Ligand code: IPE
Ligand code: IPE
Ligand code: MG
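If you want it as structure tokens, here you go:
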């Protein structure tokens, strides 16, 4: 399938250098299984390569001035996969933390985990707490790892907080909900990238991505590197974000 993400803008001139860098990028890291299948390898091999691709991508996004990177690592729906794949992924996260935490911490990456932690093992929970604690002072880039995360879960858990705090209905507004959702520490994502060729959101940041620019690429996640990052950022820089408004230069003065 052709890369339809920005077919219409391919002929446009390159964006002006500097500026126009998204502050926050959301990323659906999809295609590990197909990447492994193409190589006649088990799906787990694709996930393992996917972790290495993520560590490289964090550095590349940070180098380009992105301040927040939120990655979809395991969705609320991924429990539907065969139990061997699910347990393989859980084990892989533990290995990834022990293999890469020191490097990420040294590279100035602040790590946050977002999602429902209640369903994961004590061992995994404490590895995450350790990763968050060890990197809390870092400022180069914030890496939010969405694990056992679903956009619907996120909206629901914020609503539950409102009810359990006895918040009066008239005090519940968009700002209150946003402050009680999993990414309350970050601005809304400016750019939403999905690798692997599917053009859907798969229950990722339903609330926060309301006005994100969408970029879909056929590139399978383990192959996603600096060239693909530059292509996504260049496409973003050419987008015209209006948030429902119109540009001041489009406003025709009313005749008197
Ligand atoms: C994304 O890759 C990683 C996770 C969902 C954990 P997939 O495992 O979905 O790979 P494909 O889509 O089957 O190729
Ligand atoms: C989305 O990918 C979830 C992650 C990348 C973690 P999926 O592979 O689970 O999405 P669907 O099933 O194709 O929608
Ligand atoms: Mg997939």
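In this note's numbering, the protein residues as written are 1 to 256.
A virtual CB, placed ideally from N, CA and C, is assigned to each residue, including glycine.
Predicted, not measured: the structure shown is a model, and the values here were computed from it.
Counting other Cβ atoms within 10 Å of its Cβ, residue 211 stays below 16 and is therefore classed as exposed. Cβ neighbours of residue 206 within its own chain (closer than 7 Å, five residues either side excluded): 151, 152, 155. In the three-state reduction of the DSSP assignment, residue 110 falls in the strand class, which pools E and B. Distance check between residue 203 and each of 72, 85, 128 places 72 closest, using alpha-carbon atoms only. Going down the chain, each residue whose beta-carbon is closer than 5 Å to a heavy atom of ligand 1 shows up: 30, 31, 32, 33, 34. A straight-line Cα-Cα distance of about 34 Å links residue 193 and residue 163. Annotation for residue 45: the continuous alpha helix (DSSP H) segment containing it runs 43-63.
In the DSSP annotation of this structure, residue 201 is not part of any beta strand (DSSP E), being labelled neither H nor E.
Taking all protein chains shown into account, residue 246 has fewer than 16 neighbouring C-beta atoms within 10 Å of its C-beta and is therefore exposed. Annotation note: the segment 164-241 contains the following uninterrupted beta strand (DSSP E) runs of length 3 or greater, listed N- to C-terminal: 191-194, 213-216.
With contacts defined as CB atoms closer than 7 Å, residue 138 and residue 115 fail to qualify as a contacting pair. With respect to residue 235, residue 215 sits close: the two C-beta atoms are nearer than 7 Å. In the displayed model, residue 148 falls within a strand according to three-state DSSP. Per DSSP, reduced to three states, the secondary structure at residue 139 is coil, with no helix or strand assignment. Setting aside the 5 residues that flank it on each side, residue 42 is surrounded in the same chain by 36, each with a C-beta closer than 8 Å to its C-beta; the list follows chain order. Distances from the alpha-carbon of residue 52 to those of 168, 93, 87, 83 put 93 closest. Residue 222 is a Cβ neighbour of residue 49, given a cutoff of 7 Å. Within the chosen limit of 6 Å, ligand 2 does not reach the beta carbon of residue 121 with any heavy atom. Under the three-pair Cβ rule at 8 Å, the segment 87-107 counts as touching the segment 122-132. The three-state secondary structure of residue 75, taken from DSSP, is strand.
Inter-residue distance for residue 109 and residue 54 is about 13 Å (C-alpha atoms, whole angstroms). With 16 or more other Cβ atoms inside 10 Å of its own Cβ, residue 224 counts as buried. Our two residues, residue 208 and residue 67, have alpha carbons roughly 16 Å apart in a direct line.
Going by DSSP, residue 26 is part of the beta strand (DSSP E) stretching over 24-28.
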